[in-house]
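Going by the numbering used here, the first residue of the sequence shown is number 906, and it counts up by one from there. Notes follow the structure.
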Amino acid sequence: MSVKVYIDGQEGTTGLKILERFKDRNDIEIMKIDEDKRKDNDERKKFICSSDFTFLCLPDAAAREAVELAKGSNVRIIDASTAHRTNPDWAYGFPELSKQHREKIAASSRVAVPGCYASGFISLVYPLVKAGIMPSDYPFVAHAVSGYSGAGKKAIAVYESDEKPEEFYSPRQYALPQEHKHLPEMMKISGLDYKPVFNPLICDYFSGMVVTVPVLTRLLPKKYTLADIHKAFTEHYADANLVKVMPVMGEGVLENGFLAANTLSGKNNMEIFVCGNDDRIVLCSRLDNLGKGASGAAVQCLNIMMGIDETTGLV
């Protein structure tokens, strides 16, 4: 038996990548709106309300509008925008964080897909704060590099243009005023008292990212070793299907000590690295910003909501 799925915003990068992940599935019936009617609210409402599941791959305002259009129907919504990620009435779509997160996703009619940078940051910080290893008032700093696909359709066009400006060949820092749209969820979901300092960079490759969080163990409430921190991650993610904790220092995995950001491009999983030494620890989360950081996570949430294997169509 198949379910009816509508993707509001199916022409965008996230929507197209969700469609790709459905191509070999016979349990999904895709509802496609006529291109000339995709901004017609009456037509959108008809598609949303007659679907079993609707994905929102839209700007925040349009996503909120879609939720209003869905009122009075039984449709279950999976929102890939930023609009509802800190709303307590919505399930946060990161099932590996806890049993409670997974159960809320399974039972919910409203699920917010985590942001790509937020996914990397939270995967590193949430387990340590929850375990009491890192205090909620720790002065967190996060660095991140991402492929240009995360910058949106206009930026993608510039990066892939024959007339690409010289500066686009170089990594480019942005969000320097410290108002990146992922910061609220990074703080709230991780259980932090303050927003972290966040330093993202867009680079000249298509997709894949690494989020890095440095840890000074002298600032922790008690002394923890590199091995202690690694053990905390292996225990937290022991049952995870799509999050894997790599060997300490990436032994046997990294090429000549380099951690490439595009290794998981096109994949739906995430890798956690614990590097450094007992005094200065470097935590890294590697994922595809379009996979576990967007479309892959959205499909994983759908699978959980359907009550089927969460990895269906993803591995």
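By construction, the Cβ of each residue, glycine as well, lies at the ideal position given by its N, Cα and C atoms. A quick note: this is a predicted structure, and the numbers were derived from the prediction, not measured.
Starting from Asp1193, follow the alpha helix (DSSP H) in both directions and report where the run begins and ends.
Note, Asp1193: premise wrong, no alpha helix (DSSP H); not H, not E.
What is the DSSP secondary structure of Lys1059, reduced to helix, strand or coil?
helix
Considering only the beta carbon of each residue, do Val1050 and Ser1041 sit closer than 8 Å?
no
I believe Pro1126 touches Val1046 by the beta-carbon criterion, under 8 Å. Please report the beta-carbon distance rounded to the nearest angstrom.
The Cβ separation is near 19 Å, so there is no contact.
Could you check whether the segment 1165 to 1172 touches the segment 1106 to 1113, counting it as contact only if at least three pairs of C-beta atoms, one from each stretch, sit closer than 8 Å?
yes
Separation of Gln1205 from Arg926, as counted between CA atoms
10 Å
Extent of the continuous beta strand (DSSP E) to which Phe960 belongs
Phe958 to Leu961
Using 8 Å as the threshold, is the C-beta distance between Glu1215 and Pro1000 below it?
yes
If you drop the 5 nearest sequence neighbours on each side, which residues of the same chain put their C-beta closer than 6 Å to that of Val1150?
Phe1138, Thr1139, Tyr1142 and Ile1177
Could you tell me which uninterrupted alpha helix (DSSP H) segments, each at least 4 residues in length, are contained entirely in the segment 1006 to 1035, listed from first to last along the chain?
As far as the segment 1006 to 1035 is concerned, its whole alpha helix (DSSP H) runs of at least 4 residues are 1021 to 1035.
Give me, in chain order, the residues of the same chain whose beta-carbon lies closer than 8 Å to that of Arg1185; leave out the 5 immediate sequence neighbours on both sides.
Pro1119, Val1120, Leu1121 and Thr1122
Beta carbon proximity, Ile1134 to chain D, threshold 8 Å:
Among the chains of the structure shown, chain D does not appear; only one protein chain is present.
Cutting at 6 Å between CB atoms, please list the residues of its own chain near His1085, excluding the five before and the five after it.
Phe1103
With respect to the beta strand (DSSP E) encompassing Ser1066, which residues constitute its N-terminal and C-terminal limits?
Per DSSP, Ser1066 lies in no beta strand (DSSP E) and is assigned neither H nor E.
Counting along the chain, where does the alpha helix (DSSP H) carrying Asp1184 start and finish?
Counting along the chain, no alpha helix (DSSP H) covers Asp1184, and no H or E run does either.
Whose C-beta lies closer than 8 Å to the C-beta of Lys909 among residues of the same chain, with five residues either side of it excluded?
Glu934, Met936, Ser955, Ser956, Asp957 and Phe958
Which value, in whole angstroms, describes the spacing of the CA atoms of Leu961 and Tyr1129?
42 Å
Per DSSP, His989 forms a beta bridge with which residues?
The partner list for His989 (beta bridge, DSSP) is empty, contrary to what the question assumes.
Just mark Asp1193 as buried or exposed, buried being the case when its beta carbon has 16 or more other beta carbons within 10 Å.
It counts as buried.
Quick check: what's the CA-CA separation for Leu878 versus Ala1203?
This structure cannot settle anything about residue 878, because the visible part of the chain is limited to 906 through 1220.
Please determine if the segment 1015 to 1031 and the segment 1091 to 1098 are in contact, where contact requires at least 3 C-beta pairs separated by less than 8 Å.
yes
Could you round the C-beta distance between Arg1015 and Ala996 to whole angstroms and report it? I think they count as a contact, below 8 Å.
7 Å
Cys1189 and Thr1117 look like a contact to me (Cβ under 8 Å); what is the Cβ gap, rounded to whole Å?
5 Å
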